[in-house]
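Written below as structure tokens is the structure these notes are about.
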Amino acid sequence: MEMSPLAEVKVSKLKDCPMLTAGKVTPLILHTWTNACKHFLKHSGKEPEEIVSFVADAMLEPRLQAWYQSGSERIDGLTLSQYIQELVDLVLDKNWAHQIKQQILSAKQPEGSRFVDWRIEVENLNALLITSSKKHSFTEGALRDLLEANTRSALALKLYTNPVSEDVNYKTWADTLHALDEELWNKDKRFEVRMTAGKAEKKSLLSRLSDRKEGASSSSSSTNSPSSSSSASSSGRARLHGLTETERALLIEFKGCNQCRQFFAGHEMADCPMTKSNT
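Letter by letter, the sequence shown follows residues 9 to 287 in the numbering used here.
This is the structure:
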């Protein structure tokens, strides 16, 4: 069985009556419909007791049309809040508010995500509860405690060493955490840049080692050639440039030899075959 398409809320102007197209009504869509109806009430110039008769008649889902037409006289007499509550009971799953509340309670900031993006996602879920099931919603204080207890590990450690005062309001608290999180993000980015540069230096060193081997092989062939003199052999010897500080650090890290410049060489510079052969 195919999934039903979702309904849409269509509004041309704030003063015009909104329209709810045919389709499944989710908590988010009902939240949008509620706000559209409130905007219509505010900007249309119509009396509050007239609003429901307009918006209820603008629902295009067949079962909602049937619900309204079968009790239009009673429904027209409802306030906008009463109409929305009946619509909630009619179109949403019985436990929808509990499910969203559990989703908020189990929310954890994913590692690698920004705090501000995750916070807004949780706040939007709570907004659905505030609009359509206020008794299930979280206060700013409760939401703050929940968010702070479930931040990513790096930010949690930052908050442990740099706690935010409990006396500040929610907006100031959220802005402070955002600033701390961005500081961590910038630090991570700088570390990535250094790691990338280190890998490039390592590749450069490996490339030079490869070139040195080819040069040594060419020199050996020249030395063994009957037509080569000892002076030619000496002039064909490959010489390496001096090590950079980064290259020295890499050789130390990977237990390399400063003479032959091999990683994990298994010998010190004094014992290197190249030292003994003066190459």
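We put the CB at the ideal spot given by N, CA and C, even for glycine. Predicted, not measured: the structure shown is a model, and the values here were computed from it.
Report yes if the CB atom of M67 is closer than 8 Å to the CB atom of L100, and no otherwise.
no
Do you know whose CA, among K46, E156, D65 and A162, lies nearest G120's CA?
A162
Under a Cβ-count criterion, where at least 16 other Cβ atoms within 10 Å of its own Cβ denotes burial, should F272 be classed as buried or exposed?
exposed
Does the separation of the CB atoms of V292 and L185 fall below 8 Å?
Within the shown structure, residues of the chain are numbered from 9 to 287, placing residue 292 beyond reach of any answer.
Span separating the alpha-carbon of P13 from that of Y178
38 Å
Could you tell me whether the region 152–168 touches the region 103–122, where touching means 3 or more Cβ pairs closer than 8 Å?
yes
Would you mind working out which of T180, V63, R71 and A115 sits nearest I83, comparing C-alpha positions?
V63
Beta carbon of L137 nearer than 8 Å to that of I108
yes
Please state if the CB of S140 and the CB of L36 are separated by a distance shorter than 8 Å.
no
Beta-carbon gap between L167 and E156 smaller than 8 Å:
yes
Output the distance between the C-alpha atoms of L258 and W126, rounded to the nearest integer angstrom.
39 Å
According to DSSP, which residues form a beta bridge with L28?
V17 and M67
Which value, in whole angstroms, describes the spacing of the CA atoms of N170 and K116?
20 Å
In this structure, how does DSSP classify K23 when only helix, strand and coil are distinguished?
coil
Does the separation of the CB atoms of F146 and N134 fall below 8 Å?
yes
Near H275, which residues of its chain fall below 7 Å by C-beta distance, leaving aside the five closest residues on each side in sequence?
C265
Tell me which residue opens and which closes the alpha helix (DSSP H) that D153 is part of.
E148 to A157
Alpha-carbon spacing of G31 relative to E69, whole angstroms:
6 Å
Buried versus exposed call for E255 [16 or more other C-beta atoms within 10 Å across all chains shown]:
buried
When you compare only the Cα positions, how much space is there between N103 and V130?
19 Å
Coarse secondary structure for V96, derived from DSSP in three states
helix
What do you get for I59, buried or exposed, if any count of 16 or more other CB atoms within 10 angstroms of its CB means buried?
buried
Quick one: what does DSSP say R127 is sitting in, helix, strand or coil?
helix
In whole angstroms, what separates the C-alpha of C45 from that of L113?
30 Å
Could you round the C-beta distance between H47 and L22 to whole angstroms and report it? I think they count as a contact, below 8 Å.
5 Å
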